[in-house]
Every structure is written in C-alpha cells, then in structure tokens.
Amino acid sequence: MAVPATVTMLLIVAAVLPIVVIRTAEARAFFVFGDSLVDSGNNNYLATTARADSPPYGVDYPTRRPTGRFSNGLNIPDLISERIGQSEPPLPYLSPELTGRRLLNGANFASAGIGVLNDTGIQFINIIRMYQQLAYFQAYQRRIRGLIGAARAKRVVSGALVLITVGGNDFVNNYYLVPYSARSRQLALPDYVKYVISEYKKLLKVLSELNREIGRDVFVGVNTAQMHNDFVTNPGAFGKKIV
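Taking mature numbering (1 follows the signal peptide of the UniProt record, and there is no 0), I'd label the letters of the sequence shown as residues -27 to -1, 1 to 216.
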C-alpha cells in the first residue's frame, strides 16, 4: 500500500525533531520562514491588512504591548529561541533594529497571510511571499559577509537552525475563501491538493539548496493536529477501514 503524502510528511517531521533537540545547543543563529504562525512583526512594516499591531494581540507578552506577533504572547520562534539559548529571538528582517551584531542572531523572514501559492493571500495586498523571503535570506547573507567577512559568515549560517511553516493559508485564505476564490471554481478539492503539493515540491527544491548551504537542521513545520483529525474522521483516505 502506498504511503500517503501527509503521513510521509509526518514521519519526516518525527525524524527531524530529535535532531533539532539534540543539536539546539550548538545553534548560533536562527532563521524563520513562513506565515502568521511564525511572523514576529515583518508585516508591521508593510502596507497590508494582515497585521497584528493592535490589542488584544500582545496582551500577555512581557511588554504587554502588540508586537506584530499573531499571538497574545510568545510565538513558536520565541519558544525555540529560548530553547537554543539565544539572548533574544531573531528580529523581523524588515525591522530597522536588525543591524550590527544583532544580525548574527539570525533573522525572521516570515509574513502573515502567505502560502505555497503566489496567489494565496492576495486580499492582504502586500505580504512577503516565500520566494521573496528566500531572496531576503540571500540579502541577509550579503549583509553579514560585509560585517564579519565571508569565512565567519559561512560559519554563522552553517551552524544555524531553520524553521519553515507554510501551507495552511493555501486553504483558509485561498481555496475556501468563497465566493471569491478562483481556485475553488477552477479545481475540485482533490485536484487542488495535488496542485498545491506540486508547487510545494518546487519550493522544496529551493529549500534543498538552502539545506545544503546551511547544514542539516532545517525543521519544516506542518499541521500534525489536522493530519490526526483527518486520519480519525476519514480513514478511507489513508487506506484504512473501521472494523
């Protein structure tokens, strides 16, 4: 029996996670890519409706003020940053405070509203799509090479931890955005899923180049809770049946 793609991805995450936990103490920098689950404030600097810079966001954050995180307090990158012993989480790449030695801590390139597909989140007008996030990462590397030299910059990047979280908006803010979704009129849901997966594979090719450049600790975040729910509510899709 063929293994479904969702189960395969779950197994990949299960395999990668122990590596991340074991090696986090070595991480000198932390790079974050993705959507609102990991955006720490990049959208504050954009003319977009996908913003979290007003209450009640941030009500439980240490400063009690909204920061651009789509959370009442800390978000996933904050918790990981604490776990790997950083003095502060990586700043949003668009933050004017991300200069000098703070660049060596890494950077957060995530932007709320983005997805695998370029037309995901178009209602938010101005967001940093995945390929642009990767372009910003290349610009980041040029900045730290100018700061500490090529050899040291490569060591900083190769010793880093990377978090990538993307995909949910391709459904919530694209396919299911009826009656405005062109995708839902063009494709049945099973065909749309196949299309998103095919585009995701293209993105993974770019990420594989990133992986070779920065080392092995690339942690791809997926919605495992939804996977488990799908397995329970629709076992037939996984080649199972209720006895």
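All C-beta atoms in this analysis are idealised placements derived from N, C-alpha and C, irrespective of residue type, glycine included. The structure presented is a predicted model; accordingly, all values stated were derived computationally and were not measured.
Judged by beta-carbon spacing, valine 89 lies within the 8 Å limit of glutamate 172, meaning their Cβ atoms are closer than that value.
A Cβ-Cβ distance of about 19 Å is found for the pair alanine 25 and alanine 80, leaving them out of contact under the 8 Å criterion. Exposure of alanine 124 is indicated by the presence of fewer than 16 other C-beta atoms within 10 angstroms of its C-beta. Contact check between the region 59 to 75 and the region 3 to 16: three or more CB pairs, one atom from each, fall below 8 Å, which counts as touching. Going by DSSP, isoleucine 53 is part of no beta strand (DSSP E) but of the alpha helix (DSSP H) stretching over 49 to 56. With 16 or more other Cβ atoms from the protein chains shown falling within 10 Å of its own Cβ, tyrosine 30 counts as buried.
By the neighbour-count criterion, in which a residue is buried when 16 or more other Cβ atoms sit within 10 angstroms of its Cβ, aspartate 51 is buried. Under DSSP, the beta-bridge partners assigned to glycine 79 are Phe3.
Judged by DSSP in its simplified three-state form, valine 135 adopts strand.
Under DSSP, proline 65 forms a beta bridge with Asn81. Ranked by Cα distance from asparagine 78, the first of Glu61, Leu160 and Arg38 is Glu61. Note that the C-beta distance between glutamine 106 and phenylalanine 6 is below 8 Å. Separation of leucine 134 and arginine 1 (C-alpha to C-alpha, rounded to the nearest whole angstrom) is 8 Å. By the CB criterion at 8 Å, phenylalanine 110 and phenylalanine 82 fall inside the cutoff.
A Cβ-Cβ distance of about 6 Å is found for the pair leucine 136 and isoleucine 53, placing them in contact under the 8 Å criterion. Looking at Arg42, Val32, Gly140 and Ile100, the one whose alpha-carbon comes closest to that of leucine 19 is Ile100.
Threonine 21 and arginine 74 have their C-alpha atoms spaced approximately 30 Å apart.
Nearest to isoleucine 87 by alpha-carbon distance, out of Lys178, Val169 and Asn142, is Asn142. For serine 13, no alpha helix (DSSP H) segment is defined, and its DSSP state is neither H nor E. Tyrosine 34 and asparagine 45 have their alpha carbons spaced roughly 7 Å apart.
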